[in-house]
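Asks:
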């Protein structure tokens, strides 16, 4: 909003003015680019304009072409999570697969996704009929941004009914997380659900938006997916079990070959060790 606190009328016209001295003695009174024009508004009056796009916008007064200004418009970033259409969502987002068998609870952290910042997509599977958690399911998951597939994991297995995926986006734009071919893996939780049939209709899509990060221009975090985490803890567990076992085995071998021996006297009779 522009307020006219001058004694004369002015305009707010988008484009480039003539500058401080270029208008003098010439016919250059500035050139409008047609984006916005207030028309003349008088002292104590105001005029408003809503910018729909981000960027920088020059403007000038056609009555006084040496009077110029510029407006910088930053992208609007909501302070709440929403899908790719801008609709606000509440976590967890609930979705039931088209065959009415599996319910997916989905969310992400942080709630506002920005470039060069790690985001965790968190989800859990439930029996859509009994609302009981499903301990292990096999499924395919993909992360797609602006129509380009960035990540895919086929035959993934959910851990204890839930799972997550990490990602760091380099570009802003809409994001689609796709679940496909959800099926049982080993023994499913205590439930009457039957996942033995076709898994074609056992799917779900979730969308979000990635915003340009004006405070961070490079990626410093690392992505760690669940399988890598499980492998890391598995290696630690193996080490915890293996090291004491090896030490115990070494002690047993030592005792076997270095233990007390029976002494033989010169007369050929056996004597007990002292």
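In the working numbering, the protein residues as written are 738 to 1011.
All residues carry an ideal CB built from backbone N, CA and C; glycine is no exception.
In this structure, how does DSSP classify residue 940 when only helix, strand and coil are distinguished?
Replies: In this structure, residue 940 counts as coil in the three-state DSSP scheme.
Asks: Can you list, in chain order, the residues of its chain whose CB lies under 6 Å from that of residue 817, leaving out five sequence neighbours each side?
Replies: If we look at residue 817 and ignore the five residues flanking it on each side, its Cβ neighbours are 825.
Asks: Counting Cβ pairs, one atom from each stretch, are 3 or more of them under 8 Å apart for the stretch 785-794 and the stretch 835-853?
Replies: Not touching, per the Cβ criterion.
Asks: Give me the Cβ distance between residue 820 and residue 944, rounded to the nearest whole Å; I'm assuming they're in contact under 8 Å.
Replies: Confirmed, Cβ separation roughly 5 Å.
Asks: Taking residue 752 as part of the beta strand (DSSP E), name the residues at either end of that continuous run.
Replies: 750-753 is the extent of the beta strand (DSSP E) around residue 752.
Asks: Please state the DSSP three-state secondary structure of residue 738.
Replies: If DSSP states are grouped into helix, strand and coil, residue 738 belongs with coil.
Asks: Does the structure place the stretch 904-915 close enough to the stretch 864-876 that three or more beta carbon pairs sit under 8 Å?
Replies: No contact exists between the stretch 864-876 and the stretch 904-915.
Asks: Do you know how far the Cα of residue 855 is from the Cα of residue 903?
Replies: Approximately 7 Å between the Cα atoms of the pair.
Asks: So what's residue 818 in DSSP terms, helix, strand or just coil?
Replies: Coil.
Asks: Quick check on DSSP: helix, strand or coil for residue 971?
Replies: With a pLDDT of only 40 at residue 971, under the threshold of 50, the placement of this residue in the model should not be trusted; the figure read from the coordinates follows. DSSP places residue 971 in helix when its eight states are reduced to three.
Asks: Under the rule that 16 or more other beta-carbon atoms within 10 Å means buried, what is residue 946, buried or exposed?
Replies: It counts as buried.
Asks: For residue 966 and residue 847, I'd like the C-alpha separation in whole angstroms.
Replies: Unreliable placement is indicated for residue 966, whose pLDDT of 41 sits below 50; no coordinate value is reported for it.
Asks: Using a Cβ-Cβ cut-off of 8 Å (strictly less than) and excluding sequence neighbours within five positions of residue 810, which residues of its own chain qualify?
Replies: The residues are 788, 790, 791, 792, 793, 794.
Asks: Quick check on residue 796: buried or exposed, where buried means 16 or more other Cβ atoms within 10 Å of its Cβ?
Replies: That one is buried.
Asks: Using only CA atoms, which one of 775, 829, 814, 878 lies nearest to residue 850?
Replies: Measuring from the Cα of residue 850, the nearest candidate turns out to be 814.
Asks: Output the boundary residues of the beta strand (DSSP E) element that contains residue 855.
Replies: Here the beta strand (DSSP E) through residue 855 covers 855-864.
Asks: Who are residue 934's beta bridge partners in DSSP?
Replies: DSSP lists no partner for residue 934.
Asks: Taking C-alpha atoms, which residue in 776, 876, 959, 905 lies nearest to residue 950?
Replies: Per the Cα distances, 905.
Asks: Distance, Cα to Cα, residue 830 vs residue 858?
Replies: Going by the C-alpha atoms only, they are around 12 Å apart.
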